[in-house]
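K.L.:
Numbers 14 to 406, taken from the working numbering, label the letters of the sequence shown in order.
We put the CB at the ideal spot given by N, CA and C, even for glycine.
Fair warning: this is a prediction, and the values are worked out from it, not measured in the lab.
Right, I'll just put the structure down here and ask away after.
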Amino acid sequence: MNGKTAIIVGAGIGGLTAAQALRRTGWNVVVYEQASAVAPVGAGVGIAPNAVKALDHLGLGEALRDRAQRQLSLEIRLRRGARVAHIPAASFESRYGTPFYALHRAELHRLLMTGLDPAALHTGHRATGVELHADAATITFQAPHGAVSATADLVVAADGIGSRLRTALLPDYPGATYAGYTVWRGIVPAERSAALGVTPVLSETWGRGARLGMAMINDGQTYWFACESVPEHATPEHDLGLLAARFADWHDPIPALMTATPETTLLRHDVYYLRDRLPGFVHGRVALLGDAAHAVTPDIGQGACLAVEDAVTLAAAIEDSGIDAGLRTYDALRRPRTERMARTSGRLGHIMQTRNPAAALIRDAVASALPDSLLIGAAGAAFTWTPPLGAAT
Numbered sequence: 014m015n016g017k018t019a020i021i022v023g024a025g026i027g028g029l030t031a032a033q034a035l036r037r038t039g040w041n042v043v044v045y046e047q048a049s050a051v052a053p054v055g056a057g058v059g060i061a062p063n064a065v066k067a068l069d070h071l072g073l074g075e076a077l078r079d080r081a082q083r084q085l086s087l088e089i090r091l092r093r094g095a096r097v098a099h100i101p102a103a104s105f106e107s108r109y110g111t112p113f114y115a116l117h118r119a120e121l122h123r124l125l126m127t128g129l130d131p132a133a134l135h136t137g138h139r140a141t142g143v144e145l146h147a148d149a150a151t152i153t154f155q156a157p158h159g160a161v162s163a164t165a166d167l168v169v170a171a172d173g174i175g176s177r178l179r180t181a182l183l184p185d186y187p188g189a190t191y192a193g194y195t196v197w198r199g200i201v202p203a204e205r206s207a208a209l210g211v212t213p214v215l216s217e218t219w220g221r222g223a224r225l226g227m228a229m230i231n232d233g234q235t236y237w238f239a240c241e242s243v244p245e246h247a248t249p250e251h252d253l254g255l256l257a258a259r260f261a262d263w264h265d266p267i268p269a270l271m272t273a274t275p276e277t278t279l280l281r282h283d284v285y286y287l288r289d290r291l292p293g294f295v296h297g298r299v300a301l302l303g304d305a306a307h308a309v310t311p312d313i314g315q316g317a318c319l320a321v322e323d324a325v326t327l328a329a330a331i332e333d334s335g336i337d338a339g340l341r342t343y344d345a346l347r348r349p350r351t352e353r354m355a356r357t358s359g360r361l362g363h364i365m366q367t368r369n370p371a372a373a374l375i376r377d378a379v380a381s382a383l384p385d386s387l388l389i390g391a392a393g394a395a396f397t398w399t400p401p402l403g404a405a406t
């Protein structure tokens, strides 16, 4: 160990990856999570080539490949089933060097917990404030038995899109912007998925003001998500039957997919993203990471992937240059890339979720006319990322 201490605020994908990355370069790491327990929750998550390379850098790539489902292709369809785009996995792999995977978010969470000391994970701790020092930072928490504080050489604020630490550091920042739609997510268990004929193809189907995507994930399960354009603060009834009725005339196996979904797996979240730029991801010895720094919409499939990139970049920069210079490098490397991703995701969401019939026809026609090679190249802004030079383990 190098004797340096790091506090990670948030035990999500970004926070746990940061804990892994820093621990592997000699840091003493403590993770604080506001939930009362770290439980296996969530739905599916895609791991694009850029994030696969980041996990390889941390020595976790083999475990990912053992647990996740490799996707054979990516495709786009229209609600009646017409296929407007199809990209074989071989095309991605030859261009970007690694496959596209999908797995249950809880399975990825378990993978990222590998090797972490259970005694270094404190649940039930909600961050409430931050104090910056010349060579450290102190975080205050509301814990089960009252207020507590902790000080470390480095603090990683991975506390999500509604980050309290970001608000404490940047009280004038306007916060997240509503993307115009809500997302439902569900998981079909393996014993029901087998009868649906779902294959390992990451697919998305477009309608007007609605989309539905699906993917086979680990252990034969099927993950799906359904997007609906609704006003901000609308509260659609949490009823799988009503949702299934909205997609009843879409192509197979979508209706059957919803029918086969246990109600207990259904999740819904309104989609927000950080449209407004932050003045910086680093403030003293505090680094914002993941959604706390650059929340994107699901439209580019990069939310979790960018958080994993952040963690690898942060640890490598500090390992190479020391804490303060490394933090400056982290900010310089991550801010331009993730700001572009946030803007792109917001624009794509607006296009994909259009209710306008003419705009939807144009969207579908453009997608149909684009050659696969151009579609593959368009993904390059995300997928061509590679881990920075530094100590891989």
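(1) By the DSSP assignment, the alpha helix (DSSP H) with residue 283 in it spans what residues?
(2) Using a Cβ-Cβ cutoff of less than 6 angstroms, which residues in the same chain neighbour residue 317 once the five nearest sequence positions on both sides are dropped?
(3) Based on DSSP bridge pairs, tell me the residues matched to residue 41.
(4) Less than 8 angstroms between the CB atoms is what I'm expecting for residue 201 and residue 234, so what's the real figure, rounded?
(5) Residue 85 by DSSP, collapsed to three states: which one?
(6) Do residue 171 and residue 51 have their C-beta atoms within less than 8 angstroms of each other?
(7) What three-state label does DSSP hand residue 345 in the structure shown?
(8) Would you call residue 405 buried or exposed, if buried means 16 or more other Cβ atoms sit within 10 Å of its Cβ?
(9) Count the other C-beta atoms from every protein chain shown that fall within 10 angstroms of the C-beta of residue 13, then say buried if there are 16 or more, exposed otherwise.
(10) Going by beta carbon distance, what residues of the same chain come within less than 7 angstroms of residue 54, once the five residues before and after it are set aside?
(11) Report back the beta-carbon spacing between residue 210 and residue 275 to the nearest angstrom; my notes put them in contact at under 8 angstroms.
(12) Let me check one thing: in DSSP terms, what residues is residue 195 bridge-paired to?
(13) So, helix, strand or coil for residue 59, using DSSP?
(14) Can you tell me where the alpha helix (DSSP H) with residue 332 in it begins and where it stops?
(15) Please report the distance separating the alpha-carbon of residue 284 from that of residue 18.
(16) Per DSSP, which residues does residue 235 bridge with? Please list them.
(17) Are residue 173 and residue 304 touching if we call contact CB-CB under 8 angstroms?
(18) By how many angstroms is the C-alpha of residue 310 removed from the C-alpha of residue 188?
(19) Taking three-plus beta-carbon pairs below 8 angstroms as touching, is the stretch 60-79 in contact with the stretch 360-370?
(20) Which residue comes first and which comes last in the alpha helix (DSSP H) that contains residue 306?
(21) Less than 8 angstroms between the C-beta atoms of residue 28 and residue 42, yes or no?
(22) Between which two residues does the beta strand (DSSP E) containing residue 217 stretch?
(23) Is residue 319 near residue 278, with beta carbons less than 8 angstroms apart?
(24) On a CA-only basis, which of 399, 237, 295, 395 is nearest residue 149? Give me that one, please.
(25) Are residue 90 and residue 216 close, meaning C-beta to C-beta below 8 angstroms?
(26) Are the CB atoms of residue 256 and residue 269 nearer to each other than 8 angstroms?
(27) So, helix, strand or coil for residue 154, using DSSP?
(28) Residue ranges of each beta strand (DSSP E) run of no fewer than 3 residues wholly in the stretch 100-177, ordered along the chain?
(29) If you reduce the DSSP assignment to three classes, tell me which class residue 261 lands in.
(30) How many angstroms separate the CA atom of residue 123 from the CA atom of residue 341?
P.N.:
According to the structure data:
(1) For this step, residue 283 is matched to residue 270 along the sequence shown. Segment 280-286 is the beta strand (DSSP E) holding residue 283; no alpha helix (DSSP H) there.
(2) By one-based count along the sequence shown, residue 317 stands at place 304. Closer than 6 angstroms at the Cβ level, and outside the excluded window around residue 317, lie 26, 58.
(3) Here residue 41 corresponds to residue number 28 of the sequence shown, with the count starting at 1. Answer by DSSP bridge pairing, in chain order: 18.
(4) Translated into the one-based positions of the sequence shown, residue 201 becomes position 188. Translated into the one-based positions of the sequence shown, residue 234 becomes position 221. Between residue 234 and residue 201 the Cβ distance is about 6 angstroms, and since that is below 8 angstroms, they are a contact.
(5) In the sequence shown, counting from the first residue as 1, residue 85 sits at position 72. Here residue 85 sits in coil by DSSP.
(6) As a position in the sequence shown, residue 171 is number 158, starting the count at 1. As a position in the sequence shown, residue 51 is number 38, starting the count at 1. Here residue 171 is not near residue 51, since their CB atoms are 8 angstroms or more apart.
(7) As a position in the sequence shown, residue 345 is number 332, starting the count at 1. In this structure, residue 345 counts as helix in the three-state DSSP scheme.
(8) Against the sequence shown, residue 405 aligns to sequence position 392. Unreliable placement is indicated for residue 405, whose pLDDT of 43 sits below 50; the coordinate value is still reported in the next sentence. Counting the other CB atoms within 10 Å of its CB gives residue 405 a total below 16, which places it among the exposed residues.
(9) Given that the chain is displayed from residue 14 to residue 406, the structure contains no residue 13 and the question cannot be resolved.
(10) Within the sequence shown, numbered from 1, the residue matching residue 54 stands at position 41. For residue 54, where only same-chain residues beyond five positions count, the Cβ hits under 7 angstroms are 119.
(11) Locating residue 210 in the sequence shown gives position 197, where the first residue counts as 1. Locating residue 275 in the sequence shown gives position 262, where the first residue counts as 1. Not quite, the Cβ-Cβ distance comes to about 19 angstroms (not below 8 angstroms), so this is no contact.
(12) Here residue 195 corresponds to residue number 182 of the sequence shown, with the count starting at 1. Residue pairing by DSSP places residue 195 opposite 241, 283 in a beta bridge.
(13) The residue given as residue 59 occupies position 46 in the sequence shown. Three-state DSSP puts residue 59 in a strand.
(14) The count along the sequence shown starts at 1 and reaches residue 332 at position 319. From DSSP, the alpha helix (DSSP H) with residue 332 extends over 316-334.
(15) One-based indexing of the sequence shown puts residue 284 at position 271. One-based indexing of the sequence shown puts residue 18 at position 5. One alpha carbon belongs to residue 284, the other to residue 18, and they sit about 34 angstroms apart.
(16) Your numbering for residue 235 matches position 222 in the sequence shown. Per DSSP, the beta bridge partners of residue 235 are 201, 229.
(17) To locate residue 173, count along the sequence shown from 1; it is residue 160. To locate residue 304, count along the sequence shown from 1; it is residue 291. Yes.
(18) Here residue 188 refers to the residue found at position 175 when the sequence shown is read from its first residue. Here residue 310 refers to the residue found at position 297 when the sequence shown is read from its first residue. Going from the Cα of residue 188 to the Cα of residue 310 covers about 14 angstroms.
(19) Judged by Cβ distances under 8 angstroms, the stretch 60-79 makes no contact with the stretch 360-370, as fewer than three pairs qualify.
(20) Numbered from 1 along the sequence shown, position 293 holds the residue referred to as residue 306. Bounds of the alpha helix (DSSP H) holding residue 306 are 304-307.
(21) Your numbering for residue 28 matches position 15 in the sequence shown. Your numbering for residue 42 matches position 29 in the sequence shown. No. Outside cutoff.
(22) Taking the first residue of the sequence shown as position 1, residue 217 is located at position 204. Boundaries of the beta strand (DSSP E) around residue 217: 214-219.
(23) The count along the sequence shown starts at 1 and reaches residue 319 at position 306. The count along the sequence shown starts at 1 and reaches residue 278 at position 265. Cβ distance not < 8 angstroms, so residue 319 and residue 278 don't count as in contact.
(24) Residue 149 sits at position 136 when you count from the first residue of the sequence shown. Per the C-alpha coordinates, the member of 399, 237, 295, 395 positioned closest to residue 149 is 295.
(25) Reading the sequence shown from its first residue, position 77 is the one you call residue 90. Reading the sequence shown from its first residue, position 203 is the one you call residue 216. Yes; because the gap between Cβ atoms is below 8 angstroms, this pair is in contact.
(26) Here residue 256 is taken as the residue at index 243 of the sequence shown, counted from 1. Here residue 269 is taken as the residue at index 256 of the sequence shown, counted from 1. Their beta carbons are not under 8 angstroms apart, which means residue 256 does not touch residue 269 by this criterion.
(27) Here the question's residue 154 lines up with position 141 in the sequence shown. Strand, per DSSP.
(28) If only uninterrupted beta strand (DSSP E) runs of at least 3 residues are considered, those enclosed by the stretch 100-177 are 114-117, 139-145, 150-156, 159-165, 167-170.
(29) Locating residue 261 in the sequence shown gives position 248, where the first residue counts as 1. Residue state, collapsed to three classes: coil.
(30) Walking along the sequence shown from the start, residue 123 turns up at place 110. Walking along the sequence shown from the start, residue 341 turns up at place 328. For residue 123 and residue 341, the distance between alpha carbons rounds to 31 angstroms.
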